[in-house]
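The next block holds one structure in the form of structure tokens; read it before the comments.
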Amino acid sequence: MQQPCVQLEDFRERARALLSGPVFDYVDGWADNGVTHRSNRADFDRLSLLPLVMRDVSRIDLTTAYLGRTSSLPIGLSPSAFHQLAHPLGELATAEAAGAMGVPMIVSAMASRDIEEIAETSAGARLWLHVYLFRDRDVTRRLIARAEAAGFEAISLGLGCPSIGKRPANLRNRFTLPEDVRAANFLYRSSSDFNNPINALAAAELDPSADWHDVATVCRETSLPVIGKGIMNPLDVEPALAAGLSGLMVSNHGGRQLDTAISTIRILPEISAALSGRVPLFLDGGVRCGTDALKALALGADAVFLGRPVFWALSAGGTEGVVDMLKILADELERAMQLSGCASLPEARSAAANLLRWT
Numbered sequence: 014m015q016q017p018c019v020q021l022e023d024f025r026e027r028a029r030a031l032l033s034g035p036v037f038d039y040v041d042g043w044a045d046n047g048v049t050h051r052s053n054r055a056d057f058d059r060l061s062l063l064p065l066v067m068r069d070v071s072r073i074d075l076t077t078a079y080l081g082r083t084s085s086l087p088i089g090l091s092p093s094a095f096h097q098l099a100h101p102l103g104e105l106a107t108a109e110a111a112g113a114m115g116v117p118m119i120v121s122a123m124a125s126r127d128i129e130e131i132a133e134t135s136a137g138a139r140l141w142l143h144v145y146l147f148r149d150r151d152v153t154r155r156l157i158a159r160a161e162a163a164g165f166e167a168i169s170l171g172l173g174c175p176s177i178g179k180r181p182a183n184l185r186n187r188f189t190l191p192e193d194v195r196a197a198n199f200l201y202r203s204s205s206d207f208n209n210p211i212n213a214l215a216a217a218e219l220d221p222s223a224d225w226h227d228v229a230t231v232c233r234e235t236s237l238p239v240i241g242k243g244i245m246n247p248l249d250v251e252p253a254l255a256a257g258l259s260g261l262m263v264s265n266h267g268g269r270q271l272d273t274a275i276s277t278i279r280i281l282p283e284i285s286a287a288l289s290g291r292v293p294l295f296l297d298g299g300v301r302c303g304t305d306a307l308k309a310l311a312l313g314a315d316a317v318f319l320g321r322p323v324f325w326a327l328s329a330g331g332t333e334g335v336v337d338m339l340k341i342l343a344d345e346l347e348r349a350m351q352l353s354g355c356a357s358l359p360e361a362r363s364a365a366a367n368l369l370r371w372t
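Convert by adding 13 to the 1-based position in the sequence shown; the result is the number in the working numbering.
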């Protein structure tokens, strides 16, 4: 009998057994030597909790509010491409799980199901669309317009991606997408560049000349709030706010872009201090258990977002797998808060100076 998944890492092992080697390497891969990828995880372990005792934690409140809505869980799903690599229903299954759990799902522009189909089959789900500043700005504009028309809640704009990081595993495997998996919102073209499947998408070229003026144009041209995903330096906070971004996400893109970049949990307190609560702040990268989530939330994040674990859970059990994974994380977070002596997220944040210590 197959053992149940009781931790997020269990879903990873299940995915490793189910997916082909090259697909698993694509999902789990990193840039260059994987220093940032490992640091995202290791630095959570270097941040120790100093639990407060004899507090009333009989009722734990996990609610959080941002973008004008309240969520019962401070968790979201990060953008990742080609969910059909994990499950035949792809993003349709993921969105159904997000809707069932009441958490936002950031749909990648490189999704294997198109924007309208995801929206139509997941009524009530909190959907954001993740886009980039493509060389052809009309591609970015058309994607955002489609998201607006489909009822998406927000736009996630990729920052810190003037080009694609080097992915050694993809190059070694000469990775290409299977014939039955495509980016539904783009045309496909033949490509001999195995570094990343985005290179096989027509009109998906990233623009290394893009700057804050281009970000401001995106914010000005859409009626939806725009979240800047990829803030990793406190010096970028003021330009980001001046450009009109409605929220920021601390993210090094899962260690898949610039290797040796600092981990997200290390830089989060500095970003939070510079931002000073002016817009919502999110964290993506390295969260694998409830104590990770608690640490990020205490240090200023309004919600944590998950990337690879979503893909693992989707491959392990489709919609039900993703729901189970989110329930495990939510239970672990609630338990971590109880054992740390914090009954609510504001309590954890106000106690952060005495609750956390780098070791």
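Note that CB positions come from ideal geometry on N, CA and C, so glycine has one too.
Tell me which residue opens and which closes the beta strand (DSSP E) that residue i is part of.
i, result
"lysine 308", "It is not in any beta strand (DSSP E) - lysine 308 instead sits in the alpha helix (DSSP H) that spans 303-311."
"threonine 83", "82-84"
"isoleucine 280", "First-last for isoleucine 280: 277-288, but that is the alpha helix (DSSP H), not the beta strand (DSSP E)."
"tryptophan 43", "Tryptophan 43 -> no beta strand (DSSP E), and no H or E assigned at all."
"alanine 167", "167-171"
"alanine 316", "316-319"
Let's test the definition: count the other Cβ atoms within 10 Å of the Cβ of residue i and tell me whether it reaches 16, buried, or not, exposed.
i, result
"arginine 185", "exposed"
"methionine 114", "buried"
"tyrosine 79", "buried"
"threonine 277", "buried"
"aspartate 151", "exposed"
"asparagine 198", "buried"
"valine 292", "buried"
"leucine 200", "exposed"
"arginine 126", "buried"
"threonine 304", "buried"
"serine 222", "exposed"
"leucine 60", "buried"
"asparagine 46", "exposed"
"threonine 372", "exposed"
"glutamate 192", "exposed"
Hey, would you say residue i sits closer than 8 angstroms to residue j, going by beta carbons?
i, j, result
"phenylalanine 318", "leucine 237", "no"
"arginine 159", "glutamate 234", "no"
"glycine 241", "leucine 288", "no"
"valine 263", "leucine 296", "yes"
"aspartate 344", "proline 87", "no"
"phenylalanine 95", "leucine 190", "yes"
"leucine 312", "leucine 346", "no"
"alanine 274", "threonine 49", "yes"
"arginine 27", "phenylalanine 37", "no"
"isoleucine 119", "histidine 143", "yes"
Kindly give me the distance between the Cβ atoms of residue i and residue j, rounded to whole angstroms, as I take these residues to be in contact under 8 angstroms.
i, j, result
"tryptophan 141", "proline 117", "6 angstroms"
"leucine 63", "arginine 370", "6 angstroms"
"glycine 257", "alanine 229", "6 angstroms"
"serine 33", "valine 323", "So it is not a contact: roughly 19 angstroms between Cβ atoms."
"alanine 44", "leucine 271", "7 angstroms"
"isoleucine 284", "leucine 294", "7 angstroms"
"leucine 342", "glycine 334", "About 13 angstroms separates the two Cβ atoms, so there is no contact after all."
"isoleucine 131", "alanine 124", "7 angstroms"
"alanine 366", "cysteine 355", "Contact flag wrong, Cβ pair sits at about 13 angstroms."
Where do the N-terminal and C-terminal ends of the alpha helix (DSSP H) with residue i fall, by residue?
i, result
"isoleucine 128", "128-134"
"threonine 153", "150-163"
"leucine 254", "250-255"
"leucine 105", "104-114"
"leucine 184", "181-186"
"alanine 94", "Segment: none, alanine 94 is in no alpha helix (DSSP H) and carries neither H nor E."
Mapping the DSSP letters down to three states, classify residue i as helix, strand or coil.
i, result
"serine 365", "The sequence given here has alanine at residue 365, not serine. Three-state result, alanine 365: helix."
"aspartate 58", "helix"
"leucine 327", "helix"
"lysine 242", "strand"
"isoleucine 211", "helix"
"leucine 294", "strand"
"arginine 51", "helix"
"valine 336", "helix"
"isoleucine 119", "strand"
"glycine 300", "Here residue 300 is valine; the residue named in the question, glycine, does not match the sequence. Looking at valine 300 - three-state DSSP - the assignment turns out to be coil, as it is neither helix nor strand."
"arginine 27", "helix"
"aspartate 74", "strand"
"serine 393", "The first residue shown for the chain is 14 and the last is 372, placing residue 393 beyond what the model contains."
"alanine 343", "helix"
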